Structures are given as structure tokens and as C-alpha cells.
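K.L.:
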Amino acid sequence: MPLEPYRRGATWWAKGRVEYLGKPITDYYRNSTGASEEAGAWAWCRDEEERRINEHLLGANKTLSFAEAVMLYPANNKTATYLIPITEKWGSKKLSSIAPKDVRQLARELYPNASTDTWTRQVITPVRSVINNFRDGDSGDLFHVKGFSKQDRLKQDKRRGKKSRVKKEPGSWEWLLKFRQHAGQRHAALALTMFVTGARISQAISMHPKLHCRLDEGQICIPGAKGHDDRWLDIPKELVDELKALPVLYPRGAERKAENLRLFGFADRSSPRKGWAKACEDAKIPFIPFHAAGRHGFGQEMNIRQSVDEKAAGAFGGWADTALMKRTYTHAEEVSGKVHEAFYRGLKEAEKLTRIKLASGGKSYKPRTEAKKK
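Residues in the sequence shown are numbered from 1 upward in steps of one, following UniProt numbering.
(1) What's the gap between the Cα of residue 96 and the Cα of residue 36?
(2) Name, in chain order, the residues that DSSP records as bridge partners for residue 219.
(3) Report the rounded CA-to-CA distance for residue 319 versus residue 289, giving the unit in angstroms.
(4) Could you give the distance in angstroms between the alpha-carbon of residue 187 and the alpha-carbon of residue 357?
(5) Select from 315, 142 and 295 the residue whose C-alpha is nearest the C-alpha of residue 47.
(6) Quick one: what does DSSP say residue 183 is sitting in, helix, strand or coil?
(7) Can you check the segment 77-161 for any beta strand (DSSP E) of at least 3 residues that lies completely inside it and give the ranges in chain order?
(8) With DSSP collapsed to three states, give me the class of residue 44.
(9) Under the assumption that residue 205 contacts residue 266 (Cβ atoms under 8 angstroms), give the Cβ distance between them as a whole number of angstroms.
(10) What is the residue span of the alpha helix (DSSP H) that residue 169 lies within?
(11) Under 8 angstroms, do residue 298 and residue 233 count as touching if we go by C-beta distance?
(12) Please look up how many angstroms separate the CB atoms of residue 303 and residue 313, rounded, as I've assumed it's under 8 angstroms.
(13) So, is residue 371 buried or exposed, given that buried needs 16 or more other C-beta atoms within 10 angstroms?
(14) Are the beta-carbon atoms belonging to residue 294 and residue 195 less than 8 angstroms from one another?
(15) So, using beta-carbon positions, are residue 261 and residue 189 closer together than 8 angstroms?
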């Protein structure tokens with residue numbers, strides 16, 4: 001088992017073995033940490049584990065650098081892209097010398113004109129993941145970096161002259177119908193698929209015409225994402241007909257193998273962007289990005305416009321947390337009209353109960369005064 005502290009008299013000791021990738025790399029420990037508090041003993045265990053893993057990987061006289069830690073981290077393609085400039089800057093920096101404030105400062109240096117959300121996504125999260133992958137701190141201390149506050153965000157937005165977290169305009173049937181009038185066959189079918197299923201663009205693009213379609217049964221499979229399994233959905237007949245009519249295509253640059261076929265024929269999530277933007281321009285409608293048009297549009301349509309049971313909408317659209325769906329994927333619409341309607345509805349009820357009019361003949365209502373005393 002990994003090193004863990006236990007109390008022995010007035011001091012804390014450590015027991016266990018140092019492990020790497022689930023295998024012990026040292027003999028069994030039963031050593032005094034010299035600490036009088038449990039927190040100090042845990043710190044001793046983590047330092048000892050880091051030192052012994054360094055020795056195991058690199059030899060007794062070397063400390064792991066950030067670049068070497070990156071090589072140990074199983075990054076996906078997107079995270080790997082974020083790690084390139086970080087490693088170019090910090091490659092030789094010793095892992096043990098990195099402090100949380102250094103990570104926040106690096107974000108500012110690498111992306112001076114970016115938003116604080118970009119700093120978090122492209123610097124803080126990758127660095128934290130690399131370090132914690134090395135520490136493997138399931139039973140000990142993880143590397144934490146304090147994020148940027150609301151004040152930091154507003155200050156950075158002001159400095160760069162651009163507002164972050166701009167409100168997304170969700171897709172709608174009206175927008176979708178106009179879009180499809182000017183879109184190509186694949187773009188039109190892609191937009192409809194995302195809007196009626198809540199699929200993300202990456203999920204839709206990866207769909208295979210055989211593996212993810214049972215069109216004779218009126219079903220398609222939305223590939224799993226973000227910890228969720230694949231989900232088979234019944235889809236409208238109109239979408240079934242459109243998907244059946246799509247030509248069988250290989251993405252550009254893909255080897256002509258059956259497993260490389262894609263339902264919509266696009267190579268990656270950015271491939272439909274040019275045609276998508278042109279359809280919006282030709283239709284003279286606002287440009288709504290994939291995610292807002294599809295997943296946000298589905299959430300808005302189900303929860304706000306049609307008032308579908310949130311459990312049903314969440315299950316169909318692939319949200320395990322319906323609170324997240326309602327918090328993030330629904331948006332205020334026709335705000336003034338709805339508020340004014342509620343205002344007058346309440347006013348009419350009050351006027352009926354009190355028999356007092358707020359206004360008469362376009363003139364402001366004047367409360368009746370008491371009769372003058374004789």
C-alpha cells in the first residue's frame with residue numbers, strides 16, 4: 001500500500017511502500033517522520049514518494065522537470081496542443097519548484113490578450129493535470145491552483161477591450177428552418193441532428209453510418225462523451241429520411257477503409273465551419289456556432305419553449321445532472337414581454353379585488369381624498 005502516516009507516541013510515523021503505476025518500487029517502510037502533527041506527516045510521505053519516484057525514473061541525483069512530467073502524462077490531442085507552449089516555456093523547470101502563483105502568472109504571459117476562462121482552460125488545467133498525474137495523490141496532497149476571481153475577469157476584459165462569457169444565442173426552429181434553406185445537404189442534416197438530439201458537434205461528426213445508425217428502426221446512436229455512455233435514440237421520421245439520403249463518404253484525407261466512413265463525411269469538428277458560416281450569411285440570419293445551435297438549442301426548446309419534463313429532456317439529451325442542463329443550457333427569452341405580461345396579469349387581479357383602477361382614460365389614477373369638513 002502507498003505510504004501513510006500513523007501515530008506512535010508523541011510523533012507520527014509512516015508505513016507502506018512507495019508505488020509507481022500501482023507497483024511497489026521500494027521496500028516496506030516503518031519510519032519516523034519526525035512530525036508532531038498529522039499534516040506534517042502527510043507532507044513527509046508525499047515528499048518521500050516524490051523523491052523515490054524521481055530516483056526510480058531518473059536516477060538518484062536528478063529531479064523531475066516539467067517536460068519529463070509531460071512525457072508521463074496521457075494527454076489527449078487538445079490538451080497536448082495546450083501543453084506545447086507551456087513546455088517550451090517551462091520544459092527545464094523543476095516540478096518541485098512550481099508554485100500556484102507561477103501557474104497564474106504563466107497564463108498571463110502566454111496569452112496576454114485572452115480571457116481568464118482561456119487562462120484556466122489552456123494553462124491552469126493542463127499544468128495541474130500533469131503535476132497531479134505524477135504525484136498520484138489519491139491518499140495525499142494534490143496540487144491546487146486558485147482560479148481567477150470575478151474581479152480578475154472584469155479587470156482583464158477591460159484591459160483587453162473585449163467582454164468574455166458573452167451570452168450564447170441558442171438555436172430555434174425558426175433559425176434552423178432558415179439556415180437549412182441555404183445550407184448544403186450534409187450541413188442541413190447535421191444541424192437538424194444536433195438540434196433534435198442535443199448532440200455535441202464532436203459526437204455528431206464521429207458518427208459512423210453503420211455502427212451508429214439503425215435507420216430502418218428509426219434510431220441513431222449518439223457516441224458517448226464526458227463520462228457518459230453511448231445512447232440510442234428514436235428520431236423523427238423527417239430526420240430518418242434525410243440521413244438515409246446522405247451519400248456514403250470518407251472524410252478528406254482518410255484512408256479508404258470501411259471503419260473510416262463517417263455519417264456526415266466531415267474530418268473533424270472544424271470541417272463544417274466554412275459552409276456553416278456561408279449558409280448563415282446567405283440566409284441573412286445571425287451566425288450561431290455549432291454548440292449553441294445544437295445542444296443549447298435543444299435545451300432551450302425542451303425546457304423553456306415547450307416545457308418538457310426536465311427528467312425526460314435530460315435523459316434524451318444526455319445530461320445526468322438536470323440542474324446543470326437548466327443552469328447552463330437554458331436562456332432568458334423575450335424578457336421584457338414576459339415581465340410586462342406578468343405585471344399586467346397581477347395588476348388586473350388586484351384591480352378586480354380592490355375595484356381600484358391604476359389609470360383611467362390614459363390619465364394617472366388620483367386617489368380619492370376625504371371630503372372637506374364643513
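Glycine residues also receive a C-beta, built at the ideal position from the N, C-alpha and C atoms.
Since the model is a prediction, treat every value here as computed from it, not as a measurement.
P.N.:
The relevant details are as follows:
(1) 24 angstroms
(2) 214 and 234
(3) 20 angstroms
(4) 55 angstroms
(5) 142
(6) coil
(7) none
(8) helix
(9) 5 angstroms
(10) Per DSSP, residue 169 belongs to no alpha helix (DSSP H) and is neither H nor E.
(11) no
(12) 6 angstroms
(13) Low per-residue confidence applies at residue 371: pLDDT is 46, beneath 50, and the placement is therefore not dependable enough to give any value.
(14) yes
(15) no
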